[in-house]
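In our numbering, the protein residues as written are 1 to 184. Cβ atoms here follow ideal geometry from the backbone N, Cα and C, with glycine treated the same way. Encoded as structure tokens, the structure appears first; notes follow it.
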Amino acid sequence: MSRINAVNVDTASGKAGDLFKAIKDQMGGVPNIFSTMAQSPATLEALLNFNTALGRGVLAPALREQIALTVAGKNECDYCASAHTVMGKGAGVDSDELQRNLQGDSDNAKTQAALTFSQTVVENRGGISDEELSTLRNAGFQDDEVIEIIAHIAINTFTNYFNRIAQTEIDFPVVSTSNVAKAA
């Protein structure tokens, strides 16, 4: 059961109602993370704006979802693991790869470099070595991509923490991170 009540999507007014309308127009519905976060419309608006801006960035949609899964796995967030598995499939990543990504693994060397970097950033709360940054760059990532990887780690860490604290009801096919935690 959720620790923070969702705002009723059908009766919301004001800023929350406006945000819900925009989300429905774009997604066809309002996922529980958004209806719960709408208790603070300013926070929901900030998240949506951050996501919109990053969506116009240089990282491919597939890699954005793969990073999100790796971060969800490290932070043990089942809600985000579930949501980003669906979105990853929508971005063209196959199910087996998505399962590996949740554990921070990939069959693609360049993707693996991004996921390893993401894991290290989460594990060390941003403290990385010159060598770890060089490894990411040597895999072919330019500074704009490095910065966006950091931004995706940050926004996903926020949503992971939010969902774990709120205990947001999962409204996607459930993907558990319990096996990831055991493997770590």
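> In this structure, does DSSP put Cys80 in helix, strand or coil?
Replying inline: For this step, residue 80 is matched to residue 80 along the sequence shown. Residue state, collapsed to three classes: helix.
>> Among the candidates Gln167, Val174, Asp171, whose CA atom is the shortest distance from the CA of Arg3?
In response: The residue labelled residue 3 in the question sits at position 3 within the sequence shown. Ranking the options by Cα distance to Arg3, first place goes to Gln167.
> What are the complete beta strand (DSSP E) segments, minimum 3 residues, inside the region 32 to 119?
Replying inline: none
> Using DSSP with H/G/I as helix, E/B as strand and the rest coil, what is Glu131?
Replying inline: Taking the first residue of the sequence shown as position 1, residue 131 is located at position 131. In the displayed model, Glu131 falls within a helix according to three-state DSSP.
> Does the region 76 to 88 come close enough to the region 169 to 181 that 3 or more CB-CB pairs lie under 8 Å?
Replying inline: yes
>> Closer than 8 Å is the cut-off here; do at least three beta carbon pairs connect the region 88 to 100 with the region 141 to 149?
In response: They do not touch, by the three-pair rule.
> When we look at the beta-carbon of Asn108 and count the other beta-carbons within 10 Å, is it buried (16 or more) or exposed?
Replying inline: Counting from 1 along the sequence shown, the entry for residue 108 is found at position 108. Asn108 is exposed by the Cβ-count criterion.
> Since Ala114 contacts Leu133 with CB under 8 Å, what's their CB separation in whole angstroms?
Replying inline: Position 114 of the sequence shown, counting from 1, holds the residue named residue 114. Position 133 of the sequence shown, counting from 1, holds the residue named residue 133. So it is not a contact: roughly 12 Å between Cβ atoms.
> Does the beta-carbon distance from Gly88 to Gln119 come in below 8 Å?
Replying inline: On the sequence shown, residue 88 is found 88 positions in, with the first residue counted as 1. On the sequence shown, residue 119 is found 119 positions in, with the first residue counted as 1. No, Cβ-Cβ distance for Gly88 and Gln119 is not below 8 Å.
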